[in-house]
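Asks: The sequence shown begins at 1 in full-length UniProt numbering and counts up one residue at a time. Ideal placement from N, C-alpha and C gives every residue a C-beta, glycine not left out. First, the structure itself, so that you have it in front of you.
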Amino acid sequence: MKEIEVDQNGYYGEFGGAFVPEMLYPNVEELKENYLKIISDEGFKKEFDNLLKDYVGRPTPLYHAKRLSEQIGANIFLKREDLNHTGAHKINNAIGQALLAERLGKKKIVAETGAGQHGVATATVCALRNLECIVFMGALDIQRQAPNVARMKMLGATVVAAESGNKTLKDATNEAIRYWINHAHDTHYIIGSAVGPHPYPDMVARFQSVISEEVRWQLKEKTGKETPDYAVACVGGGSNAAGTFYHFLNEENVHLVAVEAAGYGVDSGESAATTQLGTVGVLHGSKSLVMQTKDGQIIEPYSLSAGLDYPGIGPLQAHLFKSGRGTFLNATDDEALAAAFNLTKIEGIIPALESSHALAGLKKLKLKPSDNVVVCLSGRGDKDMDNYLKVFDKFN
Numbered sequence: 001m002k003e004i005e006v007d008q009n010g011y012y013g014e015f016g017g018a019f020v021p022e023m024l025y026p027n028v029e030e031l032k033e034n035y036l037k038i039i040s041d042e043g044f045k046k047e048f049d050n051l052l053k054d055y056v057g058r059p060t061p062l063y064h065a066k067r068l069s070e071q072i073g074a075n076i077f078l079k080r081e082d083l084n085h086t087g088a089h090k091i092n093n094a095i096g097q098a099l100l101a102e103r104l105g106k107k108k109i110v111a112e113t114g115a116g117q118h119g120v121a122t123a124t125v126c127a128l129r130n131l132e133c134i135v136f137m138g139a140l141d142i143q144r145q146a147p148n149v150a151r152m153k154m155l156g157a158t159v160v161a162a163e164s165g166n167k168t169l170k171d172a173t174n175e176a177i178r179y180w181i182n183h184a185h186d187t188h189y190i191i192g193s194a195v196g197p198h199p200y201p202d203m204v205a206r207f208q209s210v211i212s213e214e215v216r217w218q219l220k221e222k223t224g225k226e227t228p229d230y231a232v233a234c235v236g237g238g239s240n241a242a243g244t245f246y247h248f249l250n251e252e253n254v255h256l257v258a259v260e261a262a263g264y265g266v267d268s269g270e271s272a273a274t275t276q277l278g279t280v281g282v283l284h285g286s287k288s289l290v291m292q293t294k295d296g297q298i299i300e301p302y303s304l305s306a307g308l309d310y311p312g313i314g315p316l317q318a319h320l321f322k323s324g325r326g327t328f329l330n331a332t333d334d335e336a337l338a339a340a341f342n343l344t345k346i347e348g349i350i351p352a353l354e355s356s357h358a359l360a361g362l363k364k365l366k367l368k369p370s371d372n373v374v375v376c377l378s379g380r381g382d383k384d385m386d387n388y389l390k391v392f393d394k395f396n
């Protein structure tokens, strides 16, 4: 198996690169030239690790879900990113990028968010570090993720509604990039997913790699083996999947399983299953698989899950799909909801809608009783209670 690594131009195979407007070129080049040097500095690593431990609450537990294991017919371990401060894996990357921004002399942070998890994480670290924070969020997502909007405002962030397009994550990203173009001199853009121009996909993956780094030693403690048979994560842009897969990318014995959001069904016209519906194109600064028309117009995605409602995937994920290294499944809204209510009933854990897609993927794998399966529980379901309550009778 050829090792999976990003090259010096930010490409994973044919996917990646940096396609940015001229005004952003100096910022992206500054990042590209400095990010590896900064994040490998001992002072940076010490501060990052201390904040992950004492502020975020890492390491997060690797929980053996016994009743779910009996139901699925394999050993299911949940990587509990939902127990992080702010309730999701997004805080790992937000802290890393904020520390990086400080070392680059930036005083202002701009971000985009879908489900609100990345927005809350960014607002949190900005409050912690006394950085001005502006978060763009689709107007539709503002309605369906109201608790997270309130949290961002309480943390001191300015939340700006993106009113264009489908009023979801893709449109928030467009608006955040436009803002960054006009304020490039003093602003760092904290991208929350493993998308965007190089070095963002690699940088986000490195900050999130703490997930699989911990899984290796935690699994060894619990099973005697460092590597799982399957590593499973949901994929919108792909940040939690990048972190879950990172230290297993070149471990041929580990099946890497990504679960996309199929919405009402892959062929329904209302879906966000990019590997099934996408073609090669450029979106938000990198070459990847994109849901688009023949003439390159973006096809609006759909998912009940705001965090997966995105018409593309990161270049690492696109390469995993194209090369066959990763297995890409999809789950409909109903399948994800059923998985969420099931986990709640049998394990006492209410998962985020995004994570519920990963859980729904378990039933689509041909697992053996001896298989060790790690599922990234990327976030908690408090933010999704309105959606869960609307369908409570249907799934009970």
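Ends of the alpha helix (DSSP H) at Ser-323?
Replies: As a working mapping, residue 323 is identified with position 323 in the sequence shown. It spans 315-323 - the alpha helix (DSSP H) in which Ser-323 sits, taken as one unbroken run.
Asks: By how many angstroms is the C-alpha of Gln-117 removed from the C-alpha of residue 399?
Replies: Coverage of the chain is limited to positions 1 through 396, which leaves residue 399 absent and any answer about it impossible.
Asks: Check the C-beta distance from Ser-193 over to Gly-237 and give it rounded, since I have them as a contact under 8 Å.
Replies: For the purposes of this step, residue 193 is taken as the residue at position 193 of the sequence shown. For the purposes of this step, residue 237 is taken as the residue at position 237 of the sequence shown. 3 Å between Cβ atoms; contact.
Asks: Which stretch, first to last residue, makes up the alpha helix (DSSP H) that contains Gly-243?
Replies: Here residue 243 corresponds to residue number 243 of the sequence shown, with the count starting at 1. Gly-243 -> alpha helix (DSSP H) spans 239-245.
Asks: Going by CA-CA distance only, name the one from Ala-157, Ala-115 and Asn-174 that's closest to Ala-146.
Replies: Sequence index remark: in the sequence shown, residue 146 carries index 146 (1-based). Closest option to Ala-146, Cα to Cα, is Ala-115.
Asks: How should Asn-217 be labelled, buried or exposed, when 16 other C-beta atoms within 10 angstroms of its C-beta is the threshold for buried?
Replies: In the sequence shown, counting from the first residue as 1, residue 217 sits at position 217. Per the sequence presented here, residue 217 reads as Trp, with Asn not at that position. Classification of Trp-217: exposed, given that the 10 Å Cβ count is below 16.
Asks: Pull up the distance between the alpha-carbon of residue 441 and that of Asn-330, whole angstroms please.
Replies: The shown model of the chain, from 1 to 396, leaves out residue 441, and the question about it has no answer.
Asks: Return the CA-CA distance between Gly-156 and Ala-150, expressed in angstroms with no decimal places.
Replies: Numbered from its first residue, the sequence shown carries residue 156 at position 156. Numbered from its first residue, the sequence shown carries residue 150 at position 150. So the two alpha carbons sit approximately 10 Å from each other.
Asks: Quick one, are the C-beta atoms of Ile-211 and Ile-109 less than 9 Å apart?
Replies: The count along the sequence shown starts at 1 and reaches residue 211 at position 211. The count along the sequence shown starts at 1 and reaches residue 109 at position 109. No; because the gap between Cβ atoms is not below 9 Å, this pair is not in contact.
Asks: Once you ignore the five residues that flank Gly-278 on each side, which residues in its own chain have a CB closer than 6 Å to its CB?
Replies: Sequence index remark: in the sequence shown, residue 278 carries index 278 (1-based). The beta carbon of Gly-278 lies closer than 6 Å to those of Leu-289, Val-290 and Met-291 in the same chain, with the five residues before and after it left out.
Asks: Quick test of the definition: if touching needs 3 or more C-beta pairs under 8 Å, does the region 221-234 touch the region 268-277?
Replies: Touching, no.
Asks: Does the beta carbon of Thr-113 fall short of 8 Å from some heavy atom of the ligand SAH?
Replies: For the ligand SAH, the structure offers nothing, since it holds no ligand at all.
Asks: Check Gly-312 in the structure and name its three-state DSSP category.
Replies: The residue given as residue 312 occupies position 312 in the sequence shown. DSSP places Gly-312 in strand when its eight states are reduced to three.
Asks: Taking just the CA atoms, how far does Leu-169 sit from Glu-300?
Replies: Numbered from its first residue, the sequence shown carries residue 300 at position 300. Numbered from its first residue, the sequence shown carries residue 169 at position 169. So the alpha carbons of these two residues sit roughly 10 Å apart.
Asks: Take Ala-336 as the anchor and find which of Ala-233, Gly-87 and Lys-66 has the nearest alpha-carbon.
Replies: Position 336 of the sequence shown holds residue 336. Looking at the Cα atoms, Ala-233 is the closest of the given residues.
Asks: Are the beta-carbon atoms belonging to Glu-70 and Leu-377 less than 9 Å from one another?
Replies: Translated into positions along the sequence shown, residue 70 becomes position 70. Translated into positions along the sequence shown, residue 377 becomes position 377. No; because the gap between Cβ atoms is not below 9 Å, this pair is not in contact.
Asks: Nearest-angstrom Cα distance between Tyr-246 and Val-373?
Replies: On the sequence shown, position 246 is the one that residue 246 refers to. On the sequence shown, position 373 is the one that residue 373 refers to. Taking the straight line from one Cα to the other gives about 16 Å.
Asks: When burial is assigned at 16 or more other CB atoms within 10 Å of the CB, is Lys-32 buried or exposed?
Replies: Taking the first residue of the sequence shown as position 1, residue 32 is located at position 32. Label assigned to Lys-32: buried.
Asks: What does a CB cutoff of less than 7 Å around Tyr-63 pick up in its chain, not counting 5 residues either side in sequence?
Replies: In the sequence shown, counting from the first residue as 1, residue 63 sits at position 63. Result list for Tyr-63: Phe-77, Leu-78 and Arg-80, in chain order.
Asks: For the region 202-211 against the region 351-371, do three or more pairs of beta-carbon atoms, one drawn from each stretch, fall closer than 8 Å, so that the two count as touching?
Replies: no
Asks: In its own chain, which residues sit with a C-beta less than 6 Å from the C-beta of Tyr-12, not counting the 5 before and 5 after it?
Replies: On the sequence shown, residue 12 is found 12 positions in, with the first residue counted as 1. Result list for Tyr-12: Val-6, Pro-315, Leu-316 and His-319, in chain order.
Asks: Which of the three DSSP states is assigned to Lys-394 in this structure?
Replies: Here residue 394 is taken as the residue at index 394 of the sequence shown, counted from 1. In the structure shown, Lys-394 sits in coil (DSSP, three-state: anything other than H, G, I, E or B).
Asks: Going by beta carbon distance, what residues of the same chain come within less than 8 Å of Asp-393, once the five residues before and after it are set aside?
Replies: Numbered from its first residue, the sequence shown carries residue 393 at position 393. Taking Asp-393 as the centre and dropping the five residues before and after it, the same chain places no C-beta closer than 8 Å to its C-beta.
Asks: Tell me which residues share the same chain as Phe-136 and place their Cβ nearer than 6 Å to its Cβ, disregarding the 5 neighbours each side in the sequence.
Replies: Taking the first residue of the sequence shown as position 1, residue 136 is located at position 136. For Phe-136, where only same-chain residues beyond five positions count, the Cβ hits under 6 Å are Glu-112, Val-160, Ala-162, Ala-172, Glu-175 and Ala-176.
Asks: Tell me the residue span of the beta strand (DSSP E) that contains Tyr-264.
Replies: As a position in the sequence shown, residue 264 is number 264, starting the count at 1. Per DSSP, Tyr-264 belongs to no beta strand (DSSP E) and is neither H nor E.
Asks: Pick out whichever of Glu-3, Phe-15, Glu-102 and Gln-8 has its Cα sitting closest to the Cα of Lys-322.
Replies: If you number the sequence shown from 1, residue 322 lands on position 322. Nearest C-alpha to Lys-322: Phe-15.
Asks: In whole angstroms, what is the alpha-carbon distance linking Ile-72 and Thr-327?
Replies: As a first step, residue 72 is located in the sequence shown; it is residue number 72 there, counting from the start. As a first step, residue 327 is located in the sequence shown; it is residue number 327 there, counting from the start. Using only the alpha carbons, I get a separation of about 19 Å.
Asks: Look at the alpha carbon of Leu-100 and the alpha carbon of Leu-283, and state the distance between them as a whole number of angstroms.
Replies: As a working mapping, residue 100 is identified with position 100 in the sequence shown. As a working mapping, residue 283 is identified with position 283 in the sequence shown. One C-alpha to the other measures close to 24 Å.
Asks: Helix, strand or coil: which one does DSSP assign to Arg-144?
Replies: Indexing the sequence shown from 1 puts residue 144 at position 144. In the three-state scheme derived from DSSP, where H, G and I count as helix and E and B as strand, Arg-144 is classed as helix.
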